[in-house]
Amino acid sequence: MNSIDRIKSTIRFERTDRVPVFSHIYGFASRLNNISLKDYLNSGELLAFCQLEAWKRFGYDAVTVFADNSLEAEALGSKISYKDDAYPQIDEYGLNNIHDWKYLAIPDPEEDGRMPVIIEACRILKEEVGEETAVVGTVQGPMTLAGQLLGIEKLIYTVVDHPAEFSNLLNFTTRVMVTFGKALINAGAHVIHIFDPSASCSVINRAVFSEFILPHLKQAFKEFKDRGDPICWLNITGQTEPILDLFPETGADLFNIDYLVPISIAMEKLPHHCINGNIKPFNFISGEEEVIRREARDLLEETHSRGGFILSPGCEIPLESKVSNIEAMLKAVKG
713 MNSIDRIKST
723 IRFERTDRVP
733 VFSHIYGFAS
743 RLNNISLKDY
753 LNSGELLAFC
763 QLEAWKRFGY
773 DAVTVFADNS
783 LEAEALGSKI
793 SYKDDAYPQI
803 DEYGLNNIHD
813 WKYLAIPDPE
823 EDGRMPVIIE
833 ACRILKEEVG
843 EETAVVGTVQ
853 GPMTLAGQLL
863 GIEKLIYTVV
873 DHPAEFSNLL
883 NFTTRVMVTF
893 GKALINAGAH
903 VIHIFDPSAS
913 CSVINRAVFS
923 EFILPHLKQA
933 FKEFKDRGDP
943 ICWLNITGQT
953 EPILDLFPET
963 GADLFNIDYL
973 VPISIAMEKL
983 PHHCINGNIK
993 PFNFISGEEE
1003 VIRREARDLL
1013 EETHSRGGFI
1023 LSPGCEIPLE
1033 SKVSNIEAML
1043 KAVKG
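Sequential numbering of the sequence shown, starting at 713, is according to this note's numbering.
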């Protein structure tokens, strides 16, 4: 059974040879290959090379096409600065106020900013792994991208002060997300991964999520399914327990569960949907192999009778993670 078959069968709650593993390895792949993060984030060839080498080393079930949270915002005018050993930061937001979104144009993923870097990496990865391993294309969710354009604090105030314009901005960022996601599907992505941490209840409440965010996620996943029937993966890191029961309405196939939510709660709220998670990411830095192994085994035992589970960290593997801890996560599944 190859990785794609393993993932699809798990999503359908069917028997598999083993539990699939997603690594959430992004920028860490550059460190693993002694390549500066800045170079990794600006070269499709380097990004694809590092992802392939990490996949070959650890043997998990997906390679990921993702740079950083500011990529789409940069293509829309936000100014960022790079460091060799850290993710870029936004120095100047693309929007001065909530009303200026109307002056922005949806970027072309083949031409604008670093989007072409990601498209190139996706094509290379698909060519290299074929139909053996899943290629995951990541796009920023509408709330997170809006925050990267306006600033998250200012964005939150607009929910109360300018709700109509808040909705309009989310309409726009959703179109950006869908355009980018469709380009990734065309480039060969098997999985479309919406990453929207600012949509968690660590930032907004259930009412805001239900009224403003949920309809956009539902529309986006429908359009992705219509384009090429990819696996649709929703990843809202942070505290999501108050909104978990709403997740099935998005139409996604798979839901990431961060370490803040006990896996037992996720299983209770999402009894018929595939979930992944939820080893604490910081433990890959601070913990020892036995800590990771124990967390992984506990998750595997707790989800065994249910099925529909993919083992992973709750969020991204930190840049400073220990190789031995990543190996421990895989050994928990593979023995």
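From the three backbone atoms N, C-alpha and C, an ideal C-beta is built for every residue, glycine too.
DSSP-derived helix/strand/coil call for Val973: Val973 carries a coil assignment under DSSP once its states are collapsed to helix, strand and coil.
Assigned secondary structure, Phe892 (DSSP; H/G/I helix, E/B strand, else coil): In this structure, DSSP gives Phe892 a helical state, which the three-state scheme calls helix.
Residue nearest to Phe996 in terms of C-alpha spacing, selected from Pro854, His736, Arg730, Ile716: Of the listed residues, the one whose Cα sits closest to Phe996 is His736.
Extent of the continuous alpha helix (DSSP H) to which Leu764 belongs: Secondary structure note for Leu764: its alpha helix (DSSP H) is the uninterrupted segment 756 to 770.
CB of Val847 within 8 Å of CB of His902, strictly: Val847 is a Cβ neighbour of His902, given a cutoff of 8 Å.
Contact check, Ala932 vs Ile948, beta carbons under 8 Å: By the CB criterion at 8 Å, Ala932 and Ile948 fall outside the cutoff.
Cut-off 6 Å between Cβ atoms - residues of its own chain near Asp908, not counting five sequence neighbours on either side: For Asp908, where only same-chain residues beyond five positions count, the Cβ hits under 6 Å are Gly853, Met855, Thr856, Ile948.
Phe878 and Phe924 closer than 8 Å at C-beta: It is a contact, given that the beta carbons lie within the stated cut-off.
Best match in Pro954, Glu832, Thr728, Glu961 for proximity to His928 [C-alpha to C-alpha]: Answer by Cα proximity: Glu961.
Reduced DSSP category for Val872 - H, G, I as helix; E, B as strand; rest coil: For Val872, the secondary structure class from DSSP, reduced to helix, strand or coil, is helix.
Distance between Leu788 and Gln860 (C-alpha atoms, nearest Å): Rounded to whole angstroms, the gap between the alpha carbons of Gln860 and Leu788 is 10 Å.
For Trp945: DSSP bridge partner residues: Answer by DSSP bridge pairing, in chain order: His905, Leu966.
Beta carbon of Glu953 nearer than 8 Å to that of Ile977: It is a contact, given that the beta carbons lie within the stated cut-off.
Contacting residues, own chain, Cβ-Cβ under 7 Å from Ala785 (five flanking each side not counted): Within the same chain, Cβ atoms closer than 7 Å to the Cβ of Ala785 are found at Ile802, Gly806, Leu857, Gln860, Leu861, the five residues on either side in sequence being excluded.
Range of the contiguous alpha helix (DSSP H) that encloses Cys834: Looking at the DSSP string, the run of the alpha helix (DSSP H) that includes Cys834 is 827 to 841.
Cβ-based neighbour list, Met827, same chain, cut-off 8 Å, excluding 5 preceding and 5 following: Excluding sequence positions up to five before and after Met827, its CB lies within less than 8 Å of the CB of Leu783, Glu784, Ala787, Pro819, Asp820, Pro821, Phe892, Ala895, all in the same chain and listed in chain order.
Under the three-state DSSP convention, the category Ala798 falls into: In the structure shown, Ala798 sits in coil (DSSP, three-state: anything other than H, G, I, E or B).
First and last residue of the uninterrupted beta strand (DSSP E) at Val733: Neither: Val733 is in no beta strand (DSSP E) and is coded neither H nor E.
Chain C within 8 Å of Asp812, Cβ atoms only: In the structure shown, chain C cannot be found, because there is only a single protein chain.
Contact under 8 Å by Cβ, Ile716 with Glu823: A distance of 8 Å or more separates the beta carbons of Ile716 and Glu823.
Helix, strand or coil at Leu1023 [DSSP, three-state]: For Leu1023, the secondary structure class from DSSP, reduced to helix, strand or coil, is strand.
Exposure label - Ala919; buried when at least 16 CB within 10 Å: Exposed, because fewer than 16 other Cβ atoms sit within 10 Å of the Cβ of Ala919.
Extent of the continuous beta strand (DSSP E) to which Thr952 belongs: No beta strand (DSSP E) holds Thr952; DSSP gives it neither H nor E.
Bridge-paired residues (DSSP) for Ile925: Answer by DSSP bridge pairing: none, since Ile925 is not bridged.
Outcome for Glu757 when other beta-carbon atoms lying within 10 angstroms are tallied against a minimum of 16: When all chains shown are included, Glu757 counts as exposed.
For Gly940, three-class secondary structure by DSSP: In the three-state reduction of the DSSP assignment, Gly940 falls in the helix class, which pools H, G and I.
Distance between Arg1009 and Glu1000 (C-alpha atoms, nearest Å): When only Cα atoms are considered, Glu1000 and Arg1009 end up about 15 Å apart.
Residue environment, Gly1047, which counts as buried when at least 16 other CB atoms sit within 10 Å: Of the residues assessed, Gly1047 falls on the exposed side of the cut-off, its CB having fewer than 16 other CB atoms within 10 angstroms.
Given 8 Å, three or more beta-carbon pairs between the segment 980 to 993 and the segment 1023 to 1032: A contact exists between the segment 980 to 993 and the segment 1023 to 1032.
Cβ contact (3+ pairs, closer than 8 Å) linking the segment 757 to 776 and the segment 723 to 741: Judged by Cβ distances under 8 Å, the segment 757 to 776 makes contact with the segment 723 to 741, as three or more pairs qualify.
First and last residue of the uninterrupted alpha helix (DSSP H) at Thr856: Looking at the DSSP string, the run of the alpha helix (DSSP H) that includes Thr856 is 854 to 862.
Strand pairing of Ser793, partner residues [DSSP]: DSSP, once it has assigned bridges, lists Gln801 as partnering Ser793.
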